[in-house]
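In what follows, a structure is listed as structure tokens, so that the remarks can point back to it.
There are 2 protein chains.
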Amino acid sequence: MINESLLNPQSIVVVGGSDDTSKPGGKILKNILDGHFNGKLFVLNPKKDKVQGVPSCQSVAELPETIDLAIVAISAVHTVPVVKELAQTKNTRAFIVISAGFSEETQEGAQLEEELKNAVNEVNGALIGPNCIGVLTPTYSGIFTSPVPKLDPSGCDFVSGSGSTAVFILESALPKGLTFSSLITVGNSAQLGIEEVLEYWDNSYIPGKSSDIKLIYVENIKDPDKLLKHASSLIRKGCRIAAIKSGVTDAGQRATASHTGAMASADSAVEALFRKAGIVRCFGREELTTVASVFNYPKLKGKNLAIITHAGGAGVMLTDALAGGGLNIPAIEGQAHDDILNILNPGSSASNPIDILATGTAQQLGDVIEYCDTQMDDIHGMIVIFGSTGLSRVFDAYETIHKKMSRCKKPVFPILPSISSAHEEVDFFLSHGHINFPDEVVLARALTSIHQTPHPADEEIYKEGIDIQAIRSTIEEAPEGFLDPATNNELLEAAGIPIVEEGIATSKKELTTLAKSLGYPLAVKVIGPVHKSDVGGVTLNIKSETHLISEYRRMRKIKGVKSVLVQKMQTGTELFIGAKYEPKFGHVVLCGLGGIFVETLGDTSYGLAPLTFDEARSMVRSLKAYPVIKGTRGKEGINEDKYVEIIVRLSTLLRYATEIKEIDLNPLIGNKDEIIAVDGRIRIEAP
Amino acid sequence: MINESLLNPQSIVVVGGSDDTSKPGGKILKNILDGHFNGKLFVLNPKKDKVQGVPSCQSVAELPETIDLAIVAISAVHTVPVVKELAQTKNTRAFIVISAGFSEETQEGAQLEEELKNAVNEVNGALIGPNCIGVLTPTYSGIFTSPVPKLDPSGCDFVSGSGSTAVFILESALPKGLTFSSLITVGNSAQLGIEEVLEYWDNSYIPGKSSDIKLIYVENIKDPDKLLKHASSLIRKGCRIAAIKSGVTDAGQRATASHTGAMASADSAVEALFRKAGIVRCFGREELTTVASVFNYPKLKGKNLAIITHAGGAGVMLTDALAGGGLNIPAIEGQAHDDILNILNPGSSASNPIDILATGTAQQLGDVIEYCDTQMDDIHGMIVIFGSTGLSRVFDAYETIHKKMSRCKKPVFPILPSISSAHEEVDFFLSHGHINFPDEVVLARALTSIHQTPHPADEEIYKEGIDIQAIRSTIEEAPEGFLDPATNNELLEAAGIPIVEEGIATSKKELTTLAKSLGYPLAVKVIGPVHKSDVGGVTLNIKSETHLISEYRRMRKIKGVKSVLVQKMQTGTELFIGAKYEPKFGHVVLCGLGGIFVETLGDTSYGLAPLTFDEARSMVRSLKAYPVIKGTRGKEGINEDKYVEIIVRLSTLLRYATEIKEIDLNPLIGNKDEIIAVDGRIRIEAP
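Line by line, the protein sequences are chains A and B.
Oh and the first sequence: position 633 is 633 in full-length UniProt numbering, straight run, nothing missing.
Oh and the second sequence: position 54 is 54 in full-length UniProt numbering, straight run, nothing missing.
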């Protein structure tokens with residue numbers, strides 16, 4: 001587990017420290033020295049007395065009694081004995097193993113890695129790596145790479161599953177002026193991985209003291225539940241998290257029997273997980289560091305922005321990009337419009353964007369910013385675009401922006417495009433600790449992707465009218481594979497999901513008795529084949545006994561059919577709810593309109609079970625076909641509340657029946673009063 | 001018109017040249033001096049003999065006999081007399097008017113601008129501006145702003161409708177290493193605008209000598225036809241064009257009576273125009289300059305890319321972004337896979353991305369690039385990601401990449417992320433004239449948006465079986481407003497568009513006679529109301545005379561209904577084709593599936609009339625509902641060729657009937673054999 005010895009050591013030994021700074025052991029020592037580590041620093045190097053001016057011991061025994069942290073940069077085979085000896089004799093409780101040659105390379109390496117982990121676990125220590133670039137905290141710069149970021153307790157906390165990618169992310173972050181509070185690269189994650197770092201951040205979080213900005217680069221999510229729990233907890237405490245999850249797992253490419261299976265790629269599970277947690281998902285380094293830059297400013301408390309500029313074109317591109325992503329640039333009218341015009345030179349525009357013209361002064365700029373901050377309740381933030389044409393210096397304008405940013409209650413985002421011709425002024429501005437966004441559209445995309453990320457979902461599971469005991473006993477008794485219709489219905493009934501009145505007929509007599517009790521019109525479907533329609537196994541709207549019997553006879557001749565399902569015919573619009581079990585993530589639940597919408601247009605939205613009502617409602621409303629559910633010109637809609645409730649109920653069912661690998665309720669038939677499941681397939685596998 | 005005096009003057013006078021470089025007249029003179037103009041340079045300033053060391057005349061008369069170009073930076077009111085005098089007495093045939101205070105400010109200014117234009121037109125001269133930042137050519141740096149880009153005949157030609165935006169675009173371009181061949185800012189475009197600059201570029205294009213890269217920033221397209229003509233001509237000659245068109249015109253917000261009107265915003269016209277021309281559309285400065293950077297490399301001749309890297313994470317993010325945008329990163333298998341593995345260290349990966357590991361050498365890197373270039377026919381370009389962890393210098397790798405880039409037949413795109421820790425190496429690499437892409441995802445988005453831009457459409461208009469004379473005479477005789485069904489049919493027939501058999505009945509007798517000749521089943525629709533369904537004015541699938549007569553009686557009672565349209569009932573899938581006339585652009589043609597697809601899902605695609613078969617096919621295939629047209633599991637499709645042909649025919653009809661402001665063919669009924677228009681509305685206005 002992460003401990004104080006790792007994050008705040010009083011003493012460090014660099015095992016394999018060297019004078020050659022082109023080697024990890026040499027470079028990491030140099031970085032620690034350059035970073036002014038305040039504790040005791042040693043090197044373990046059998047060939048030297050001093051390395052880079054640091055005392056070097058020839059053996060572990062020569063080291064002082066207590067060494068908090070060991071940073072190990074020697075070949076893999078020599079690692080385990082040294083780690084054991086340090087743990088056992090020097091009270092070392094934290095290890096960062098830089099060395100490669102473990103599980104990422106060979107079977108023997110994996111064995112070594114296991115021994116390494118056991119050696120650290122035995123003393124209840126912390127292990128980072130192996131095969132990583134190190135750790136950076138406000139106490140020490142324990143990475144062997146460049147660049148080394150500026151450390152600042154309120155800067156970003158950053159955990160990365162890839163060392164080289166972490167380095168390249170720093171390359172993108174540093175020119176922007178982003179600072180860091182910590183960097184942990186987990187390497188092979190033998191003991192501590194991304195999820196454990198998040199857990200530590202969550203458990204150790206102190207409001208006002210801990211950094212509120214967390215960045216993640218992850219290639220492989222090992223424990224989605226843990227990630228969800230701690231990421232959403234951190235966000236509820238006031239943190240803001242952005243993450244890149246790169247690559248799509250092989251699992252996503254598996255062929256599956258159902259539509260849901262084909263539609264829900266493993267990446268939808270990641271997407272759903274991030275949305276549930278409230279993590280802003282990014283797809284590239286530049287995007288991640290821009291979102292992190294926005295995180296350095298106060299939160300927008302609404303979606304209305306004022307744009308203040310002296311250059312029309314940039315304002316128009318910014319407006320296009322913000323509006324395209326769901327943010328508002330409301331027209332400014334009435335008194336506010338007149339008040340702002342009064343501040344400005346003739347010819348200026350006080351609608352939104354507010355154009356103060358090339359002749360606008362720093363004073364006017366400041367007055368407009370202040371007016372938006374104090375006099376306009378319906379404006380939630382300001383974006384200022386101010387460059388230079390090179391005719392004169394713009395120090396006064398940047399000084400004004402700086403002062404207003406410090407004083408305004410609302411966030412002010414600066415776009416200073418003249419990074420080369422006004423680089424002195426921009427540097428002056430940045431020296432106050434601000435972050436500049438040189439490109440308005442890049443900023444707009446970061447703002448809108450933050451805006452589009454929901455708050456973390458509630459954790460409580462909806463259970464009203466759901467008989468969990470009945471669900472469990474049905475599941476436990478069921479054989480693997482596709483369930484028969486009766487078992488399907490038991491499960492859906494236990495979850496409180498309305499199902500169509502129906503019965504099974506294996507003979508003509510059963511058929512006619514059933515028909516009488518249900519009443520016409522009826523629908524008849526074969527039992528057996530998975531793709532019923534493909535074999536001519538579905539007939540709808542049967543209105544007479546003659547028709548019913550003729551269909552029954554025909555269907556009994558279809559291969560594999562011994563009985564048919566007889567249902568009361570439902571009328572309304574076809575809906576669909578499905579789910580697919582994604583290993584480790586749980587169930588990705590999909591919803592949408594049925595028929596062509598789901599099969600051809602792929603118009604579905606998805607979330608991760610269990611779902612709250614808010615999540616399910618947001619899924620339904622994000623469908624392109626939502627207007628059909630809401631009702632369109634002259635056409636009645638579908639009961640949205642009931643649809644949302646069924647999605648939630650199904651997600652609870654799945655939460656308590658992880659044996660269900662695939663489920664398709666397709667179709668459900670809905671109208672303005674009710675929604676009823678008329679066909680479903682459920683496939684289970686033993687856990 | 002643009003002339004040699006403007007682009008390649010032998011003599012320049014700066015009118016209003018000053019010693020104060022915080023004034024446009026001072027700064028522009030300084031920029032010309034710094035840019036080493038080789039011709040004769042003068043200043044016109046009544047108060048000075050010398051300005052910045054340049055001889056200054058107190059009056060026009062004192063200037064030498066011939067002055068090719070005048071750059072005017074004095075107040076608007078004084079501009080016209082000086083321009084006139086120069087034109088009349090000094091043979092000046094080119095004018096760049098920097099001064100503001102013309103049509104952009106006041107009515108009087110607009111009058112002055114008109115006089116200015118007339119004065120230049122009188123001598124058949126060229127006028128840039130007023131209200132611009134100037135012109136930059138390889139001969140002189142005639143802009144008053146900073147930064148001034150590096151000039152290079154093979155650099156970008158850049159025309160901008162906004163001065164400040166041009167400056168900010170240069171701020172984004174220069175750090176990337178982009179060079180420029182020319183910059184023209186058109187200001188108020190009194191005489192020469194964006195379109196005229198394109199015309200000049202087109203007419204003066206010399207293969208191998210003219211720059212092949214053209215950039216455009218435009219806020220208002222005044223002459224879409226001219227822009228289309230010259231942009232597509234340039235692209236056919238081998239140029240590559242990227243453009244930003246910012247803002248959506250007011251016209252797009254007009255309320256209109258038809259669905260098409262509501263769906264086709266003015267921005268669809270821009271989008272359609274750019275696609276027709278083959279212009280890569282960008283939405284921000286960073287995006288524009290990245291696309292321009294890609295333009296500096298050879299064209300990709302296919303969509304298969306090899307990624308070569310020593311850092312896994314960046315390769316994965318790049319793969320995700322390229323594949324998401326339609327480019328391929330094909331798996332490398334078989335002999336090629338083994339050959340590449342043989343080049344590399346054990347543990348490397350030769351699938352795609354090719355991972356040469358952190359231990360990979362410059363030699364190996366070069367060998368892999370060369371292998372992809374010479375041995376792999378199915379790879380069309382390579383992307384190399386090579387950074388530094390800060391342990392050692394990477395000069396050798398960058399030297400290798402540079403050499404391979406110069407020799408490879410296929411494009412090699414370099415991603416060198418370590419812009420701070422390896423900035424010396426990156427600078428060394430850039431000094432060879434290359435452009436670096438520090439972020440892989442930003443490069444991927446530029447590559448994919450270039451990939452998604454079609455080639456310019458053919459110019460020939462399809463006329464087979466289209467009776468243009470009949471179209472014209474029908475249009476000329478028709479009254480304004482919505483046409484009656486008979487006139488609708490005349491137009492569609494003249495264009496060779498199949499229409500349903502039908503007739504109009506104003507009495508019961510006409511009705512029954514018509515029914516007999518058409519045969520049941522029939523559809524009946526009211527004539528008069530625009531939204532027929534809303535008033536209960538459409539009944540389909542009438543199978544008996546009794547039913548027909550009862551519907552007729554009911555419909556005649558609907559307000560405004562004096563007659564009904566009786567049609568042979570068609571069966572099949574509903575399709576839709578519509579168009580809206582966009583002032584100056586012409587007709588934006590939309591197509592899609594009918595009913596809910598168009599009304600609720602808005603699943604339409606669009607193009608600008610007249611359309612080629614290729615364009616229409618690409619429109620049909622880009623529909624989300626295209627699988628319905630193609631035919632899905634167990635469901636017959638719709639005749640795609642016929643659909644494409646009708647779209648083309650309609651677009652030709654519109655080309656010769658610009659009086660048509662809106663047209664909706666909704667629905668057309670299609671099956672695998674035929675497609676027939678069963679309802680249409682056409683609204684015309686006098687030209």
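The C-beta atom is built at its ideal place from N, Cα and C for all residues, glycine as well.
C-beta atoms of VAL648(A) and ALA686(A) nearer than 9 Å: no
Continuous alpha helix (DSSP H) assignments of at least 4 residues falling wholly in the stretch 67-128 of chain B: 76-89 and 107-122
Residue-level contact to chain A via CB, VAL526(B), 9 Å cutoff: no
ILE647(B) (DSSP reduced to helix, strand or coil): helix
Under 9 Å by beta carbon: chain B residues contacting MET317(A): THR165, ILE244, SER246, GLY247, PHE283, GLY284 and ARG285
Of the listed residues SER233(A), LYS404(A) and PHE395(A), nearest to VAL426(A) (C-alpha basis): PHE395(A)
Members of the stretch 400-415 of chain A that neighbour chain B once the beta carbon cut-off is set at 8 Å: none
Enclosing beta strand (DSSP E) for CYS372(B) [first to last residue]: CYS372(B) -> not in any beta strand (DSSP E); alpha helix (DSSP H) instead, spanning 362-375.
Three-pair Cβ contact test at 8 Å for the stretch 302-309 of chain A versus the stretch 378-388 of chain A: yes
Test: PRO601(A) CB closer than 9 Å to a CB of chain B: Looking at the sequence itself, residue 601(A) is Leu, so the reference to Pro does not match. Output row for LEU601(A): interface = yes.
Chain B contact residues for LYS50(A), given Cβ-Cβ distances below 9 Å: Result: empty, since nearest Cβ-Cβ is about 22 Å, beyond 9 Å.
Collapsed DSSP secondary structure at ASP458(B) in the structure displayed: coil
Own chain, CB closer than 6 Å to ILE638(A), minus 5 neighbours either side, in chain order: THR573, ILE629 and GLY670
Neighbouring residues, chain B, relative to residue 699(A) (Cβ below 7 Å): Look at the range of chain A in this structure, 1 to 687, and you will see that residue 699(A) is not part of it.
Option nearest ILE379(B) by Cα separation, candidates LEU447(B), SER348(B), LYS301(B) and LEU650(B): LYS301(B)
Distance, SER164(B) Cα to SER189(B) Cα: 15 Å
Chain A residues whose Cβ lies nearer than 8 Å to that of GLU105(B): GLY347
Neighbourhood of ALA110(A) by C-beta, 8 Å cutoff - its chain only, sequence neighbours within 5 removed: PHE102 and SER103
Proximity test, Cβ basis, 9 Å: VAL291(B) and chain A: no
Buried versus exposed, by CB contacts within 10 Å (16 or more), ARG407(A): exposed
Among HIS423(B), PHE158(B) and LEU430(B), nearest to residue 709(B) - alpha-carbon criterion: For chain B, the structure presents residues 1 to 687; residue 709(B) sits outside this window and is missing.
Reduced DSSP category for ASN436(A) - H, G, I as helix; E, B as strand; rest coil: coil
Cutoff 6 Å; reference ALA495(A); Cβ partners in own chain excluding five residues on either side: ILE466, ARG649 and LEU653
In DSSP terms, what VAL218(B) is bridged to: LYS245(B)
Partners in chain A for GLU464(B), counting only beta-carbon separations shorter than 7 Å: Per Cβ cutoff of 7 Å: no residues; GLU464(B) is ~33 Å from chain A at best.
Residue from LYS30(B), PHE295(B) and ASP664(B) with nearest C-alpha to ILE435(B): PHE295(B)
Opening and closing residue of the beta strand (DSSP E) in which GLY334(A) lies: It is not in any beta strand (DSSP E) - GLY334(A) instead sits in the alpha helix (DSSP H) that spans 334-343.
Secondary structure of HIS587(A), DSSP reduced to three states: strand
Chain B contacts made by the stretch 422-454 of chain A, where a contact means CB separation under 9 Å: ALA422, PRO438, ASP439, GLU440, VAL441, VAL442, ALA444 and ARG445
Residue range of the beta strand (DSSP E) that includes ASN666(A): 660-670
Per-residue contacts from PHE168(B) into chain A (C-beta, under 8 Å): ALA311, GLY313, ALA314, GLY387, PRO417 and SER418
Ordered list of alpha helix (DSSP H) runs contained in the stretch 535-579 of chain A, each at least 4 residues: 545-556
Cβ separation of VAL186(A) and VAL159(A), assumed to be a contact under 8 Å, to the nearest whole Å: 7 Å
Chain A contact for TYR217(B) (CB, 9 Å cutoff): yes
CB contact below 9 Å: GLY637(A) versus chain B: no
Helix, strand or coil at THR652(A) [DSSP, three-state]: helix
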